[in-house]
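Number of protein chains: 2
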Amino acid sequence: MNTLTNRQKEIFDFIKLKISNEGYPPTRMEISEFFGFKSPNAAEDHLKALKKKGFIDILSGTSRGISLSVHDDSIPLIGLVSAGSPMLAEENVEKRIPALPISSHGIDYYLRVKGDSMIDVGIFDNDLIAVNKDLKVKKNTIVIARIDDDVTVKTLIEISNNKVVLKAENKDYDDIVINPKKVNLNFEGTCVGLIRNIS
Amino acid sequence: MNTLTNRQKEIFDFIKLKISNEGYPPTRMEISEFFGFKSPNAAEDHLKALKKKGFIDILSGTSRGISLSVHDDSIPLIGLVSAGSPMLAEENVEKRIPALPISSHGIDYYLRVKGDSMIDVGIFDNDLIAVNKDLKVKKNTIVIARIDDDVTVKTLIEISNNKVVLKAENKDYDDIVINPKKVNLNFEGTCVGLIRNIS
DNA sequence: CTAAATACTGTATATAATTACAGTATGAAT
DNA sequence: ATTCATACTGTAATTATATACAGTATTTAG
Numbered sequence: 013m014n015t016l017t018n019r020q021k022e023i024f025d026f027i028k029l030k031i032s033n034e035g036y037p038p039t040r041m042e043i044s045e046f047f048g049f050k051s052p053n054a055a056e057d058h059l060k061a062l063k064k065k066g067f068i069d070i071l072s073g074t075s076r077g078i079s080l081s082v083h084d085d086s087i088p089l090i091g092l093v094s095a096g097s098p099m100l101a102e103e104n105v106e107k108r109i110p111a112l113p114i115s116s117h118g119i120d121y122y123l124r125v126k127g128d129s130m131i132d133v134g135i136f137d138n139d140l141i142a143v144n145k146d147l148k149v150k151k152n153t154i155v156i157a158r159i160d161d162d163v164t165v166k167t168l169i170e171i172s173n174n175k176v177v178l179k180a181e182n183k184d185y186d187d188i189v190i191n192p193k194k195v196n197l198n199f200e201g202t203c204v205g206l207i208r209n210i211s
Numbered sequence: 013m014n015t016l017t018n019r020q021k022e023i024f025d026f027i028k029l030k031i032s033n034e035g036y037p038p039t040r041m042e043i044s045e046f047f048g049f050k051s052p053n054a055a056e057d058h059l060k061a062l063k064k065k066g067f068i069d070i071l072s073g074t075s076r077g078i079s080l081s082v083h084d085d086s087i088p089l090i091g092l093v094s095a096g097s098p099m100l101a102e103e104n105v106e107k108r109i110p111a112l113p114i115s116s117h118g119i120d121y122y123l124r125v126k127g128d129s130m131i132d133v134g135i136f137d138n139d140l141i142a143v144n145k146d147l148k149v150k151k152n153t154i155v156i157a158r159i160d161d162d163v164t165v166k167t168l169i170e171i172s173n174n175k176v177v178l179k180a181e182n183k184d185y186d187d188i189v190i191n192p193k194k195v196n197l198n199f200e201g202t203c204v205g206l207i208r209n210i211s
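Each protein sequence line maps, in turn, to chains A and B.
Using the working numbering, you'd call the opening residue of the first sequence number 13 and step up by one each time.
Using the working numbering, you'd call the opening residue of the second sequence number 13 and step up by one each time.
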């Protein structure tokens, strides 16, 4: 239903390319010229198909009145995480914000930090940390861990089959020592960046 | 010559807004309608002025053929500041990076922090701080100060006609106490945000 | 003091662009 | 078997749009 045919995907990609390169969407004629159509109506038909499938919006009577419906260059910002729900579940998404290339790693989402357990490495209450969920978690990096539905940000300092140590970067807090065989432990990702709004 | 008049800035901002909201630039008529012009030629004149000043490009014979010249939505990143040169002088600009809306205040530039004098407020060596240069500097905010050509980031804790106290947020450093009548002191801006890349 | 730049109104026109209608041909779905 | 979606050609008309030319008034720079 909302899957594009190969040809439609080519058209859609061309529209995206045009917007990215020129700063505005193509006309029917420009599409036709690029693909070698001899009639602008070929492009018109494709646009109608793309609209029907929800990939673009068309403003009637408007030149270049094409807008992309699914401009997925935004990244979810996760606020409080409901117990048991996946990190990126809709209920956890506070809002979506534009992809900010602040890190040398890919960013899957931002997570709003609660509490002061990481102030010694400069992560404060209410900061946003950029999270990459695919990086292999490594010792001495800051990880996002889920311990029995509880999401926490800590430095991973030891990891083996029967012992994981998560360190709070604040002398008022104790290390968290876990036996992953006994406790439900998941790594949600690695912290690859930080954003703070000082208001 | 490359500074816009207030009116031209309004036009330019409207074009940016349109592109951001609709996904394509406005026509002369749409500009005229928004500003209440009775002739599309008023918009035409403004576009020509914007082009002349290098803020937009116009493709002749092309509907909505307005594209923003790149330099505008990027913000300079200031690395090391040469003694005596204005903050935004070309020689200080490490590179330009896309405007990242990380702060509730406007951002004029990013400044790469050197040293650990502000670690107690979570500003670390090599972090980028977002700087607003127009906010009135206030007590208990983090300011960018220039003391005799030396640029420093500190918390302003006292300010009067003959005494200014700048506090390093690190117990290993002493406060900087200055008599602004005797020492050349300038406030370059206020820290309104922070970006860190954890690699 | 004068020319140029700014900020418009008002009219007009060529052309850029949308978009409907009428077809043809092929493959997939009911 | 026949309708529907896909993927086009070909023509044409209305309207959307760019843009030139002729003005006026005010402000700014040399």
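Glycine included, each C-beta is placed from N, C-alpha and C at the ideal position.
No experiment lies behind these values; they were computed from the predicted model shown.
Put simply, the region 18-26 of chain B touches the region 35-48 of chain B. At least three CB pairs are less than 8 angstroms apart. At least 8 angstroms separates the beta-carbon of I190 of chain B from that of V165 of chain B. The C-beta separation of L206 of chain B from I141 of chain B comes to about 5 angstroms, placing the pair in contact by the 8 angstroms criterion. Relative to L168 of chain A, the option among A:D161, A:D162, A:V176 whose CA is nearest is A:V176.
D69 of chain A carries a strand assignment under DSSP once its states are collapsed to helix, strand and coil. Judged by DSSP secondary structure, E170 of chain B falls within the beta strand (DSSP E) whose first and last residues are 162-171.
For L206 of chain A, a Cβ of chain B is located within less than 8 angstroms of the residue's own Cβ. Residues of chain B whose Cβ lies closer than 8 angstroms to the Cβ of R124 of chain A do not exist, since the nearest Cβ in that chain is about 13 angstroms away. Interface flag for Y36 of chain B against chain A is set, since a Cβ pair is found closer than 8 angstroms.
At a cut-off of 8 angstroms between C-beta atoms, L80 of chain B counts as an interface residue with respect to chain A. In the three-state scheme derived from DSSP, where H, G and I count as helix and E and B as strand, P37 of chain B is classed as coil. E106 of chain B has its alpha-carbon roughly 5 angstroms from the corresponding atom of G91 of chain B.
Below the 7 angstroms Cβ cutoff, chain A contributes G134 as neighbours of I131 of chain B, in chain order. Counting of Cβ neighbours within 10 angstroms places D120 of chain B among the buried residues, the total reaching 16 or more. By the Cβ neighbour-count rule, G73 of chain B is exposed, with fewer than 16 other Cβ atoms within 10 Å of its own.
In this structure, B:I156 is the residue among B:I156, B:K151, B:N138 with its C-alpha nearest to the C-alpha of K145 of chain B. As DSSP reads the structure, S79 of chain A sits in a beta bridge with A:D69.
Contact note: R40 of chain A does not reach chain B at a C-beta cutoff of 9 angstroms; the least C-beta distance is about 12 angstroms. In chain order, S44 place their CB closer than 7 angstroms to the CB of A54 of chain B, counting only its own chain and leaving out the 5 sequence neighbours on each side.
No Cβ of chain A is located within less than 8 angstroms of the beta carbon of R158 of chain B. DSSP places K179 of chain A inside the beta strand (DSSP E), whose first and last residues are 176-179. For N209 of chain A, the enclosing beta strand (DSSP E) covers residues 197-209. Across the structure, N209 of chain A and P192 of chain A are spaced so that their CA atoms are roughly 36 angstroms apart. The beta carbon of F49 of chain B sits closer than 8 angstroms to those of I43, A55, all from its chain and outside the five residues before and after it, given in chain order.
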